[in-house]
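Only one structure is covered here, and it is reproduced in the block below.
Residue numbers (the UniProt record's numbering): 1 to 66.
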């Protein structure tokens, strides 16, 4: 029996929407049964601290803070 993935969440940034402070907004892409939707998380991060591969901020303590 093959195990099919039916649900996934991807957290990503939109570098096209960089603000005056150099921060980019975070979005969540939710996929369920091959249908997807994207929502804004209402947070902004420094793109230099964002690890796109893992979907996490780099650093710890204040370095990894929002």
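Every residue gets a Cβ at the ideal spot worked out from N, C-alpha and C, and that includes glycine.
Note that the coordinates shown come from a computational prediction; the quantities given were computed from them, not determined experimentally.
For residue 26 and residue 41, believed in contact at Cβ under 8 Å, the rounded distance | For this step, residue 41 is matched to residue 41 along the chain shown. For this step, residue 26 is matched to residue 26 along the chain shown. Contact holds; Cβ gap of about 4 Å.
Count the other C-beta atoms from every protein chain shown that fall within 10 angstroms of the C-beta of residue 13, then say buried if there are 16 or more, exposed otherwise.
-> Locating residue 13 in the chain shown gives position 13, where the first residue counts as 1. So residue 13 ends up on the buried side.
Going by Cα to Cα distance, which pick from 43, 56 and 36 is closest to residue 17?
-> If you number the chain shown from 1, residue 17 lands on position 17. When each option's Cα is compared against that of residue 17, the closest is 43.
Separation of residue 55 from residue 70, as counted between CA atoms | Nothing can be reported for residue 70, as the shown portion of the chain is limited to 1 through 66.
Cβ atoms of residue 49 and residue 59: under 8 Å apart, would you say?
-> Along the chain shown, one-based indexing puts residue 59 at 59. Along the chain shown, one-based indexing puts residue 49 at 49. Their beta carbons are under 8 Å apart, which means residue 59 touches residue 49 by this criterion.
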